[in-house]
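What follows is a set of notes on a single structure, which appears directly below.
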Amino acid sequence: MLDLECDDLVNEMFSTFFSVVRDDHPESVLSAMQTIMIVVLEESEDVRDDLLLVILSTLGRNKSEL
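Everything in the sequence shown is counted per the numbering used here, starting at -10 for the first residue and increasing by one.
Put into structure tokens, the structure is as follows:
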């Protein structure tokens, strides 16, 4: 999808996945989200900085809980 110039759509999809995912979702939902993200990244020739920011920003969330 990134190769098809759908960068904004992919960024929005990743952001949505990260914002709605919860521990109480069925395993099949979590697995489907993970699979979609993995396939998009693996099939891309390069990953833009804005998508990296979306992905890496999730690592900084809830830091105060550590």
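The beta-carbon is built from N, C-alpha and C at its ideal position, and this holds for glycine as well.
Query                                                                                         : Result
CB of residue 37 within 7 Å of CB of residue -4, strictly                                     : yes
At least 3 beta-carbon pairs within less than 8 Å: the segment 0 to 7 vs the segment 40 to 47 : yes
Buried versus exposed, by CB contacts within 10 Å (16 or more), residue -1                    : buried
Backbone secondary structure at residue 33 - three-state DSSP                                 : coil
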